[in-house]
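With the numbering used here applied, the sequence shown closes on residue 428, and no number is skipped along the way. The beta carbon of each residue, even a glycine, is placed where N, CA and C say it ideally should be. Since the model is a prediction, treat every value here as computed from it, not as a measurement.
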Amino acid sequence: MDTTSSPEIYTVSRLNLEARGLLEGRFPLLWLEGELSNVSRPASGHLYFTLKDEYAQIRAAMFKNRNALLRFTPKAGIQVLARCRVSLYEARGDFQLIIEHMEEAGEGMLRRAFEALKQKLLDEGLFDDARKRPIPSYPTAIGVITSPSGAALQDVLNVLARRYPGLPVYVYPVNVQGKEAAPSIVAALRKANLDKICDLLLLVRGGGSIEDLWAFNEESVARAIASSKLPIISGIGHETDFTIADFVADLRAPTPSAASELATPDANQLRYRLANELQALKRIIENRLATLRQKLETLQSRLDRQHPERHLEQITQRLDELETRLQHAGIRLIEKKSTRLQTLRARIWAQAPSHRLSVQHARLEHLRSALIRHAEGAIQQKHQQLVTLARTLEAVSPLATLQRGYALALKPNSLTPISNAADLQAGELIEVRLARGRVLCQVNKVET
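Here it is in structure tokens:
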């Protein structure tokens, strides 16, 4: 027997150890979805269970330091999403998973989708304060986008009636939960912008789970809010609830009632402020009237002392003097202009404009004849050049070549001629242009 070629013998523990190393090295951390079964938690605090689907199952372990962070109680039948390592339990040779993190499948997927969309819109700048519209201090009409049957609408209407009675409120009814919620919210936002009857919108809904509020985490709703020309205050859920709509909105309120308070001033405070400002205005007017009254009395006293009638007499005399001087100056100016007019008239007659006009007319006729002769010569010269160029162009034109029986091959819808058979393939369509017309051909064989 040749002992040099005898096979290497493994122990069971060595085989399991190396198999474990291969599994853990081959598979990185991965996400796995399945249903819990056979859940047990011994005194050690570790958690052991089986993950299964319709066709297979696998054992799993989640150690105490990890399962202490769970946000739910693992029970058989719950669908979960787990982040895990593939491993092997050496003592029994069992293929198993080591769970690092686990969450209920539905909520976990929604939260990851929420975070992914939040980061995407953040990178695009939809959350930036610079793009947010200012909230009007004194709105003339408010639009409320919410469910017509929800408690949020009544809370909003009650607060608005208490704080700012008489303010027109327009309700845009929408679904706030379910598959139709996001499209109806987007449609309501667009309609409110097209109506142009409000200068502020409230987007509100009562509290609920992340699934209940998911319509307000849809990308279509976020982009509709961002593209709105009307400022929007969001009041969705409770104070601890945050949605994508809250980040995109121009102002976020913790509740629907708080959104109503942020949207309107307090009428009682306005009345108090108005009363104070009215009293201050009264005092200003009274002080101003007193100052003007004192100034009027001072001016009246000065007017009485200066005898305005005497001043009026002096002004009248001065006016008569200026009127006389003006009349004399006018007469002298008319005489001067009359003399100048007679001189100019004599010079005009001396220049004989009718004769000068006749001379200029004759010169114009001469210039016109010269211009016609020059233009005709230039046209003749250019025509001769055009004929020469046309003959040259015709000599080198590909159309002249076609007239001699040649043809031009082109690829369909292309102006580039085909000069190499290697550029074609059997079955390909080509266009052949003749001196008159064109032919669409199919290549049967290519020889290079």
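Euclidean distance between Cα positions of residue i and residue j
| i | j | result |
| --- | --- | --- |
| A239 | E199 | 22 Å |
| V435 | G385 | Shown here, the chain extends from -19 to 428; a query on residue 435 therefore has no answer. |
| A23 | A62 | 23 Å |
| H308 | H291 | 26 Å |
| Q383 | K391 | 21 Å |
| G407 | K425 | 8 Å |
| R232 | V124 | 15 Å |
| K262 | N248 | 21 Å |
| E429 | Q340 | Not covered by the structure: residue 429. The range shown for the chain is -19 to 428. |
| D33 | E83 | 17 Å |
| R327 | Q364 | 55 Å |
| H354 | V367 | 20 Å |
| E315 | Q322 | 11 Å |
| L97 | L258 | 52 Å |
| S129 | G186 | 11 Å |
| K55 | T30 | 11 Å |
| L369 | L337 | 47 Å |
| I(-11) | R6 | 24 Å |
| C421 | P378 | 20 Å |
| A243 | W194 | 24 Å |
| A387 | A401 | 15 Å |
| I177 | R251 | 26 Å |
| S(-7) | E70 | 7 Å |
| A380 | S394 | 21 Å |
| L351 | K362 | 16 Å |
| G57 | V19 | 10 Å |
| L306 | R320 | 21 Å |
| S237 | T120 | 19 Å |
Own chain, CB closer than 7 Å to residue i, minus 5 neighbours either side, in chain order
| i | result |
| --- | --- |
| L3 | V66, S67, L68 |
| A389 | P397, I398, I410, V412 |
| A229 | L183, I205, I212, I213, S214 |
| S164 | V154, N155 |
| Q297 | none |
| E241 | V139, R143 |
Whole-Å CB distance - residue i paired with residue j, under 8 Å assumed
| i | j | result |
| --- | --- | --- |
| V151 | L169 | Their Cβ separation, rounded to whole angstroms, is 14 Å, which puts V151 and L169 out of contact at 8 Å. |
| P245 | L180 | Not quite, the Cβ-Cβ distance comes to about 12 Å (not below 8 Å), so this is no contact. |
| L101 | F94 | Their Cβ separation, rounded to whole angstroms, is 11 Å, which puts L101 and F94 out of contact at 8 Å. |
| L404 | V419 | Not confirmed; about 15 Å, so no contact. |
| L77 | A40 | 4 Å |
One or two residues paired with residue i in a DSSP bridge
| i | result |
| --- | --- |
| I58 | Answer is none; I58 lacks a bridge partner. |
| G215 | V184, A233 |
| E199 | According to DSSP, E199 bridges with nothing at all. |
| Y150 | G123 |
| T30 | S17, R39 |
| E411 | L390, L420 |
Sequence-distant residues of its chain with Cβ nearer than 6 Å to residue i (five each side left out)
| i | result |
| --- | --- |
| M(-19) | Any reading at M(-19) must be qualified, since the residue scores a pLDDT of 45, below 50, and its modelled position is unreliable; the value itself is stated next. Nothing listed; no residue qualifies. |
| Q59 | E15, A85 |
| P234 | E219 |
| Q157 | D192 |
| P27 | The sequence shown places Leu at residue 27, rather than the Pro named in the question. Within the same chain, L27 has close Cβ partners R21, M42, N47. |
| F196 | I216, T223, A225 |
Residue-level contact to chain D via CB, residue i, 8 Å cutoff
| i | result |
| --- | --- |
| L321 | No chain D appears in the structure shown, which is made up of a single protein chain. |
Contacting residues, own chain, Cβ-Cβ under 8 Å from residue i (five flanking each side not counted)
| i | result |
| --- | --- |
| P475 | Nothing in the structure corresponds to residue 475, since the chain is present only between -19 and 428. |
Quick one: which unbroken beta strand (DSSP E) runs of 3-plus residues sit fully inside the segment -2 to 23? Chain order, please. Segments of the beta strand (DSSP E) lying fully in the segment -2 to 23: 10 to 20.
Of all the alpha helix (DSSP H) runs that stay within the bounds of the segment 58 to 136, which reach a length of 4 or more residues? Listed in chain order, they are 85 to 104.
Return the chain-ordered ranges of every alpha helix (DSSP H) run that is complete within the segment 369 to 398 and spans a minimum of 4 residues. Counting only runs that start and end inside the segment 369 to 398, the alpha helix (DSSP H) elements of at least 4 residues fall at 378 to 383.
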